[in-house]
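First to last, the protein sequences are chains A and B.
Residue numbers for the first sequence follow my numbering, so the first one is 1 and each next one is one higher.
Residue numbers for the second sequence follow my numbering, so the first one is 1 and each next one is one higher.
Every residue, glycine too, gets a C-beta built ideally from N, C-alpha and C.
What you are looking at is a predicted structure, and each value in this text was computed from that prediction instead of being measured.
Protein chains: 2
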Amino acid sequence: MTRDQLFEQIRKKHSFLCVGLDTEADRLPEHLNHGEYPLFEFNRQIIDATHSLAIAYKPNVAFYECAGTPGWKQLELTVAYIRDRYPDILVIADAKRGDIGNTTRKYAETFFRHMSCDAVTVAPYMGSDSVLPFLEYPGKWVILLALTSNQGADDFQLLHINRGQRLFEIILEKSSSWGSPDNMMYVVGATRASMLVKVREIIPDHFLLIPGIGAQGGDLREVADYGLNSRCGLIVNSSRAIIYADSTKRFAEAARARAGEVQREMEGILRDKGLGTISSVF
Amino acid sequence: MTRDQLFEQIRKKHSFLCVGLDTEADRLPEHLNHGEYPLFEFNRQIIDATHSLAIAYKPNVAFYECAGTPGWKQLELTVAYIRDRYPDILVIADAKRGDIGNTTRKYAETFFRHMSCDAVTVAPYMGSDSVLPFLEYPGKWVILLALTSNQGADDFQLLHINRGQRLFEIILEKSSSWGSPDNMMYVVGATRASMLVKVREIIPDHFLLIPGIGAQGGDLREVADYGLNSRCGLIVNSSRAIIYADSTKRFAEAARARAGEVQREMEGILRDKGLGTISSVF
């Protein structure tokens, strides 16, 4: 998926919402626990209920691996379902992979060729050969961890390096030369919206994937104030707050209602920033 | 597996060799390509041929994911086979995971509970909550990336931080307080043996997992000179040089021969360092 196609979707849906599919076997509504593929069935209903409000889905690979071979199968089914039914939607494998070149090539095959995901999250610690093999796939994206939303982010990401820059800034600066805003995005935690100013100084044009809205407590308006660029440039994720909005048979309807609330807030933001109509941006 | 049990194996086998199971569908000997589980069948024969020479096996998860659901199944079969037949051998899931706490708990369930691996490799970028949930499993190990053997390692791992230390040193120092030498090890690239001096200043007691012997070009004797401690403290990995020593029906025999060469070199080193006999170490 190209950057233009992504922006086209944002304009069409008045949304920059990503729904995180952190689907756990023990949080499924009771009535789904009897089929062969309960995780997939849950996802399918969530996807059917929210696809007009979201521009991306982000299955968290850990939650599928944790269910063993049947879990991996249901991850594949979920990605294939989105690909088949809603081909315009960005599918992000939230895998946070990062390894030497020959291993990275395997991960790229896994997520891009075998599963047809559009994007994969990648950890930067092992440097360029953790990233470059992914970029050999046209139309696919690396979403590199820059500044995460968890407590442990403080341990290393904010360390000051010799020239006064912090580690995440060095990573943004260096890694942005490996690709371009057309094939790389960055993860920037929403609980640190003020740091988005610094991020936007270094990478004004890249899309940012913002986790941490909802269960992790980020503020959408603040994120938009500091993170939006002229082509939106933001994908904001919400996982648990949407997919677990209700634990009964009405879970998908409740997820749609919750996603709708977020989408309407996003629509207002896009309008306020002059990104709300087609004529204002082209 | 405890540190004592690991050392016991080293003494018994006169070896600190880990065989990396980077098993690729398109590098299998022709005659294995017809069964239902060719990756597993290859691994099974490699394991049967080398188990008396190796103290650890390290399946690289990427190579199994890349084969989709059947690949994941064969990873599970491989781990279960080692667990069942050779329970004294350390099984390392080379997965390089790293995520927020609730996701890390899923990865820990996957590799420690579902698959019964002894250890998992973890990336440090997201900090303490990427590591701590793994340490809640008694007898299990986190092997944290410190200094890797690939070209991209230079991009960030060697950055100088304010007090003059490099990033990998800060990571060693900080993370070593999260666990102990009884539940944490570190990845240190063998192609940088001289840096082992610095590593040993910071963590004298931890086991180090050294990749890069063989295909990546590290030198075993140099690694031992700088990395050994009084309880060995090294696990040296070789993957491709052993498992792909031959591509015919004699592949397992050839792998055993190659593993034997490495083991004999290790035996000599252990003897030279006074770690070769039981009486010398207790």
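- In the structure shown, residue 22/A adopts coil according to DSSP, grouped into three states.
- The residues 265 and 269, in chain order, have a CB closer than 8 Å to that of residue 221/A in the same chain once the five nearest residues on each side in sequence are set aside.
- Setting aside the 5 residues that flank it on each side, residue 131/A is surrounded in the same chain by 122, 142, 144, 175 and 178, each with a C-beta closer than 7 Å to its C-beta; the list follows chain order.
- Short of 8 Å from the beta carbon of residue 99/A, and not among the five residues preceding or following it, lie these beta carbons of its own chain, in chain order: 107, 126 and 130.
- Using a Cβ-Cβ cut-off of 8 Å, residue 179/A does not count as an interface residue toward chain B, since no Cβ of chain B sits closer than that to its own.
- Taken in chain order, the whole beta strand (DSSP E) runs of length 3 or more contained in the segment 35-72 of chain A are 56-59.
- When the beta-carbon positions are compared, residue 171/A and residue 146/A come within less than 8 Å of each other.
- From the beta-carbon of residue 101/B, the residues of chain A found nearer than 9 Å are 150, 151 and 152.
- If the five residues before and after residue 244/B are omitted, its C-beta is found closer than 7 Å to the C-beta atoms of 27, all from its own chain and listed in chain order.
- By the CB criterion at 8 Å, residue 259/B and residue 242/B fall inside the cutoff.
- Take residue 211/A, set aside five residues on each side of it, and the residues of its chain with a beta-carbon closer than 6 Å to its own are 149 and 237, in chain order.
- Within chain B, the residues placing a beta-carbon under 9 Å from that of residue 63/A are 103 and 106, ordered along the chain.
- Residues of chain A with a Cβ closer than 9 Å to the Cβ of residue 138/B do not exist; the shortest Cβ-Cβ separation is about 20 Å.
- Around residue 1/B, no beta-carbon contact reaches into chain A at under 7 Å, the shortest distance being about 22 Å.
- Closer than 8 Å to the CB of residue 38/A there is not a single CB belonging to chain B.
- Using a C-beta cut-off of 8 Å, the segment 49-57 of chain A makes contact with the segment 8-24 of chain A, since at least three inter-stretch Cβ pairs fall below that distance.
- Contact check for residue 240/B and residue 22/B: beta-carbon distance about 6 Å, within the 8 Å limit, so the pair qualifies.
- Only buried fits residue 152/A, as 16 or more other CB atoms lie within 10 angstroms of its CB.
- For residue 35/B, the nearest beta carbon of chain A is not closer than 8 Å to its own beta carbon.
- Inter-residue distance for residue 208/B and residue 85/A is about 48 Å (C-alpha atoms, whole angstroms).
- Uninterrupted beta strand (DSSP E) stretches at least 3 residues long and entirely within the segment 214-255 of chain B occur at 234-238, given in chain order.
- For a cut-off of 8 Å, the C-beta gap from residue 43/B to residue 2/B is around 26 Å, too long to register as a contact.
- The continuous alpha helix (DSSP H) containing residue 154/A extends over residues 153-156.
- Residue 72/A is not a Cβ neighbour of residue 81/A, given a cutoff of 8 Å.
- The Cβ atoms of residue 25/A and residue 67/A lie closer than 8 Å to each other.
- Listed along chain A, the residues sitting closer than 7 Å to residue 171/B by beta-carbon distance are 156.
- In this structure, the beta-carbon distance from residue 60/A to residue 160/B does not fall below 8 Å.
- The beta-carbon of residue 161/A is placed less than 8 Å from the nearest beta-carbon of chain B.
- For residue 207/B, the enclosing beta strand (DSSP E) has its first and last residue at 207-210.
- Rounded to whole angstroms, residue 254/B and residue 246/B show a C-alpha spacing of 6 Å.
- Not a single C-beta of chain A is nearer than 8 Å to the C-beta of residue 23/B.
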